[in-house]
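A short write-up of the structure that comes next.
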Amino acid sequence: MATSLKGKDVIRIQDFSVEEVNMVMENAARFATMLEKNDRLTNMAGKVLATLFYEPSTRTRLSFETAMLRLGGQVVSVAEAKTSSSAAKGETLFDTGKMIESYSDVAVIRHPIVGSAAELASGSGAPVINGGDGAGQHPTQALLDLYTILIEKGKVKDLTVALAGDLKNGRTVHSLSALLSRFGFRFYFVAPDALKMPAEITENLKKQKVEIVETPDCAKALADSDVVYMTRIQKERFEDPADYERLKGSYELDLKLVKKAKKGLTIMHPLPRVTEIAKDVDSYEGTAYFRQAANGVPVRMALLALVTGLE
Amino acid sequence: MATSLKGKDVIRIQDFSVEEVNMVMENAARFATMLEKNDRLTNMAGKVLATLFYEPSTRTRLSFETAMLRLGGQVVSVAEAKTSSSAAKGETLFDTGKMIESYSDVAVIRHPIVGSAAELASGSGAPVINGGDGAGQHPTQALLDLYTILIEKGKVKDLTVALAGDLKNGRTVHSLSALLSRFGFRFYFVAPDALKMPAEITENLKKQKVEIVETPDCAKALADSDVVYMTRIQKERFEDPADYERLKGSYELDLKLVKKAKKGLTIMHPLPRVTEIAKDVDSYEGTAYFRQAANGVPVRMALLALVTGLE
Amino acid sequence: MATSLKGKDVIRIQDFSVEEVNMVMENAARFATMLEKNDRLTNMAGKVLATLFYEPSTRTRLSFETAMLRLGGQVVSVAEAKTSSSAAKGETLFDTGKMIESYSDVAVIRHPIVGSAAELASGSGAPVINGGDGAGQHPTQALLDLYTILIEKGKVKDLTVALAGDLKNGRTVHSLSALLSRFGFRFYFVAPDALKMPAEITENLKKQKVEIVETPDCAKALADSDVVYMTRIQKERFEDPADYERLKGSYELDLKLVKKAKKGLTIMHPLPRVTEIAKDVDSYEGTAYFRQAANGVPVRMALLALVTGLE
Chain D
953 MATSLKGKDV
963 IRIQDFSVEE
973 VNMVMENAAR
983 FATMLEKNDR
993 LTNMAGKVLA
1003 TLFYEPSTRT
1013 RLSFETAMLR
1023 LGGQVVSVAE
1033 AKTSSSAAKG
1043 ETLFDTGKMI
1053 ESYSDVAVIR
1063 HPIVGSAAEL
1073 ASGSGAPVIN
1083 GGDGAGQHPT
1093 QALLDLYTIL
1103 IEKGKVKDLT
1113 VALAGDLKNG
1123 RTVHSLSALL
1133 SRFGFRFYFV
1143 APDALKMPAE
1153 ITENLKKQKV
1163 EIVETPDCAK
1173 ALADSDVVYM
1183 TRIQKERFED
1193 PADYERLKGS
1203 YELDLKLVKK
1213 AKKGLTIMHP
1223 LPRVTEIAKD
1233 VDSYEGTAYF
1243 RQAANGVPVR
1253 MALLALVTGL
1263 E
Chain E
953 MATSLKGKDV
963 IRIQDFSVEE
973 VNMVMENAAR
983 FATMLEKNDR
993 LTNMAGKVLA
1003 TLFYEPSTRT
1013 RLSFETAMLR
1023 LGGQVVSVAE
1033 AKTSSSAAKG
1043 ETLFDTGKMI
1053 ESYSDVAVIR
1063 HPIVGSAAEL
1073 ASGSGAPVIN
1083 GGDGAGQHPT
1093 QALLDLYTIL
1103 IEKGKVKDLT
1113 VALAGDLKNG
1123 RTVHSLSALL
1133 SRFGFRFYFV
1143 APDALKMPAE
1153 ITENLKKQKV
1163 EIVETPDCAK
1173 ALADSDVVYM
1183 TRIQKERFED
1193 PADYERLKGS
1203 YELDLKLVKK
1213 AKKGLTIMHP
1223 LPRVTEIAKD
1233 VDSYEGTAYF
1243 RQAANGVPVR
1253 MALLALVTGL
1263 E
Chain V
953 MATSLKGKDV
963 IRIQDFSVEE
973 VNMVMENAAR
983 FATMLEKNDR
993 LTNMAGKVLA
1003 TLFYEPSTRT
1013 RLSFETAMLR
1023 LGGQVVSVAE
1033 AKTSSSAAKG
1043 ETLFDTGKMI
1053 ESYSDVAVIR
1063 HPIVGSAAEL
1073 ASGSGAPVIN
1083 GGDGAGQHPT
1093 QALLDLYTIL
1103 IEKGKVKDLT
1113 VALAGDLKNG
1123 RTVHSLSALL
1133 SRFGFRFYFV
1143 APDALKMPAE
1153 ITENLKKQKV
1163 EIVETPDCAK
1173 ALADSDVVYM
1183 TRIQKERFED
1193 PADYERLKGS
1203 YELDLKLVKK
1213 AKKGLTIMHP
1223 LPRVTEIAKD
1233 VDSYEGTAYF
1243 RQAANGVPVR
1253 MALLALVTGL
1263 E
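Chains as they are written, first to last, in the numbering used here: chain D, 953 to 1263; chain E, 953 to 1263; chain V, 953 to 1263.
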């Protein structure tokens, strides 16, 4: 029996089976080919996506909107939902979900509070996609990251990935490690002590026999990794600013560091970057972060098409 | 001779004849059927709607934009017009109307000041629709409310409607009573003394032989009404906060109160709601407020199509 | 060999040859005719324009978006880019350009800092159009101004234009004088001493044998000009507010002043206007500022179509 994602909300990466993830990957690849050939798509003709952003995220919002438009659909957009009258007047996200169901065929929400995407989905008969809910999840980022590895490496088997930077607060790396572990990846978790991956995540992965090395030494991890996934260390996370000044240098990737890494290293980053990857790395052939951002479009096309049943 | 709304501005509900209102109702019903059948419409292909919101209103803006997109048209949107350079630099709404005429085929404006929709319309050769002008009017809300009653009750004759809550400051109930009175509705105006319907509105309706009962007793009105239209009581309207605390409970509809009401009571609310309707009312079969919000789309499709002559 | 603008960034008006400017004019005229005939265009079907506005400009943003939609294309919009997460987190415009290239086929940027459009273009493989970069350039405004003169006068040869108002700070008049000088225009630069055209611009034009008369006397210039281009004098530019009060009256065009001008005077203004043109001038037959604003659409259609190679 064929799996279908029609009507499915995309809230947590754990809600997707490996088979469903593979279906997203296959459809993304198909749409990427169509984009390259400049095919005009009409899958979504007459359909409307609503994007509700309670905190700004240009990259996520624009890539979803472009995905919908490239599919031939249309978009209504609330870029500053926090200041919208409904939110300001205290409407629940359940009620907002009822509104969204009336006005659109599928919705994307970004919200600073964990669980808000699920609350919107509880009110909406139209499928809801979580575009990031605070410290919670960002499942479509994890899917486009996996897709990027698949495209860059030509496979998702037998690979070692180093997740580096702020692993404590980064919802991106939490969703991503949950997803990659199910495809048999080995991990380096590279972070200063103050920003280590939460123990419950590490322990949970180890229980599932996932191979993990935790280290603060970025160079060491790079020497043994096929992929490095950098994230930003934010000054405001440190109680003592001196700790930040001391540590930040270790997590700034430059071409010198890249040259000591394992041959063929693929470099990823969810963007925007500030100082954590030097500009000289842009010209390195394994640099994938701009291609990774571009992959957001076909992966989100796949998700939009699948959950609306119009793939 | 056939009536036509082509080129007409939609500023005040009083500017519409009963015949014109009926034309909106008929077209709305026709579009609702097409939406249900998932028909792809192209009435507005190549046409552009401009939405200019000088105060936020997600529900009104999105329902107009969705209506335009469902008709096959396109949208340019100024969600935060107050901070736009033109407004900040002191451009008149007449001049803004000239701009709108150049860039779009029809416009919707929401503005905190009474008369602003008319001022925009004075400059624009393209039809202008008032999406709410301060304490003034919100004519498209009144039209979708009438449409909702028509759909829920199957008729607009011989009905009693209770308007409840803040009747003093609510532009929605002012426009709505003006509209419904012309279709022969009987009214309960249910409000605490401090928030009663303005005397000039009540007296004007009575002169037209409209049957009105004014009462602060919500339960009494519900026992004799076919439809109740709840509005929000805002704390900031009261000089003495103690008055607010004392009164608010009487205007919070819950399932217990609903069970004592006339059989078949239809419950409406312009949304967003906060505490004035309890969540347990959502499951009651006469609860129409979510369907009412959804009706905004076909009613606004009808208006957009009629004023641009593309119905 | 045919000139092509395909792939060209539109950053400074000086980057356009006279031949290229003429190509924009011809295509604008062609699109204007199609708009008048209500032709449905599909040149841009399946294509996406990204508008990135780091400062608000309703007129510029909406005219670009309408231009794209009238061509059958689609739009993703960041109306408040300054508060977007990428900008707030310190992403470079080079990186933003990489994003834009992934999500759109052409981009427009408005930014308060000189050089920002060029920086965005350095990162983007998709063509970038400068919608105004601080005190720098606003090349599409200059092109639509030239187009307006061409339409109003039926020619661009042997004409005298008076640029009046704040010539010191106005990027619009800087770009415009650079463009018009190449078509043989004669100039009056009409400004109070404190707001004169920068000496380097005047001297540079004189070196190219352009005829220029500098004067603070608006009436005198109007008596000898075919076109007057008014700009706004902003109070905040004056060190001494008394200077502003003394001067502003001289640069407020009213019908009395217009009647003393050369017969057939064409009156232009980039809009929004505040007090620098009285409302009684609106009814004068040579009043072109509203038509000028409307010309923004076909001129920007031409630019969008030419730089994407889809004219």
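Every residue, glycine too, gets a C-beta built ideally from N, C-alpha and C.
Going by other Cβ atoms of all chains shown within 10 Å of its Cβ, with 16 needed for buried, is Glu978(V) buried or exposed? exposed
Once you ignore the five residues that flank Leu1095(V) on each side, which residues in its own chain have a CB closer than 6 Å to its CB? Val976 and Val1251
Express the C-alpha separation of Ser1029(V) and Glu1191(V) in angstroms, rounding to a whole number. 38 Å
Going by DSSP, which residues form a beta bridge with Asp1085(E)? His1063(E)
Using a C-beta cutoff of 7 Å, does Glu1043(E) count as contacting chain A? Looking for chain A here will not work: the only protein chains present are D, E and V.
Could you tell me which uninterrupted alpha helix (DSSP H) segments, each at least 4 residues in length, are contained entirely in the segment 1201 to 1254 of chain D, listed from first to last along the chain? 1207 to 1211
Within the same chain, show all residues whose beta-carbon is closer than 8 Å to that of Glu1263(V), passing over the 5 residues directly before and after it, in chain order. Asn979, Asn995, Ala1254 and Ala1257
What residues of chain E sit near Tyr1140(D), judged by a beta carbon separation below 9 Å? Going along chain E, no residue has its Cβ under 9 Å from Tyr1140(D), so there is no contact; the nearest lies around 44 Å.
Mapping the DSSP letters down to three states, classify Gln1026(D) as helix, strand or coil. strand
Stretch pair the segment 1151 to 1168 of chain E + the segment 1081 to 1097 of chain E: three plus CB contacts closer than 8 Å: no
Hey, quick one: how far does the alpha helix (DSSP H) through Leu1095(D) stretch, first residue to last? Pro1091 to Lys1105
Does Tyr1140(E) come out as helix, strand or coil in the three-state DSSP assignment? strand
CA nearest to the CA of Thr1010(D), picked from Gly1025(D), Asp967(D) and Pro1222(D): Pro1222(D)
Quick one: what does DSSP say Thr1112(D) is sitting in, helix, strand or coil? strand
Integer Cβ distance of Leu993(E) from Arg1013(E), believed to fall under 8 Å: Contact flag wrong, Cβ pair sits at about 20 Å.
Could you please give me the residues that DSSP links to Thr1167(E) through a beta bridge? Val1142(E)
Assign Ala1151(D) to one of three DSSP states: helix, strand, or coil. helix
Of the listed residues Glu1237(D), Glu1228(D) and Ala1245(D), nearest to Gly1042(V) (C-alpha basis): Glu1228(D)
Can you tell me whether Glu971(E) is buried or exposed, with buried defined as 16 or more other CB within 10 angstroms of its CB? exposed
If contact means a Cβ-Cβ distance below 8 Å, which residues of the segment 988 to 1009 of chain V contact chain D? Ala997, Gly998, Val1000 and Ala1002
Compare the Cα-Cα distances from Leu1115(D) to each of Lys1105(D), Tyr1203(D) and Ser1038(D) and report the closest residue. Tyr1203(D)
What does Ser1015(E) reach in chain D if we use C-beta pairs closer than 7 Å? Tyr1055
Relative to the C-alpha of Pro917(V), which candidate in Leu1131(V), Asp1176(V), Lys1120(V) and Asp991(V) has its C-alpha closest? Coverage of chain V is limited to positions 953 through 1263, which leaves residue 917(V) absent and any answer about it impossible.
For Thr1003(E), the first and last residue of its enclosing alpha helix (DSSP H): That residue, Thr1003(E), is in no alpha helix (DSSP H); its beta strand (DSSP E) goes Val1000 to Phe1005.
Assigned secondary structure, Met996(V) (DSSP; H/G/I helix, E/B strand, else coil): coil
Quick one: does Val1060(D) have its CB under 7 Å from some CB of chain V? no
Min CB distance Thr1239(V) to chain E below 7 Å: no
Is Met953(E) buried or exposed, if buried means 16 or more other CB atoms sit within 10 Å of its CB? Here Met953(E) scores only 45 on pLDDT, less than 50, and its place in the model is too uncertain to base an answer on.
I'd like to check one pair, Thr1018(V) with Tyr1055(E): are the Cβ atoms closer than 7 Å? yes
Since Thr1112(D) and Val1060(D) are thought to touch, with beta carbons under 8 Å apart, how far apart are those beta carbons, to the nearest angstrom? Actually they do not touch by this definition, with Cβ atoms about 32 Å apart.
Nearest chain V C-beta to Arg1252(D) closer than 7 Å, yes or no? no
Of all the options Met1020(D), Gln1026(D), Ile1103(D) and His1063(D), which has the alpha carbon lying nearest to the alpha carbon of Ala1039(D)? His1063(D)
Per DSSP, Met1182(V) forms a beta bridge with which residues? Ala1116(V)
From the DSSP secondary-structure annotation, give me the bridge partner or partners of Val1058(D). Leu1001(D)
For the segment 1075 to 1094 of chain V against the segment 1121 to 1129 of chain V, are there 3 or more C-beta pairs whose distance is under 8 Å? yes
Is Thr1035(V) close to chain D? Criterion is C-beta to C-beta, closer than 7 Å. yes
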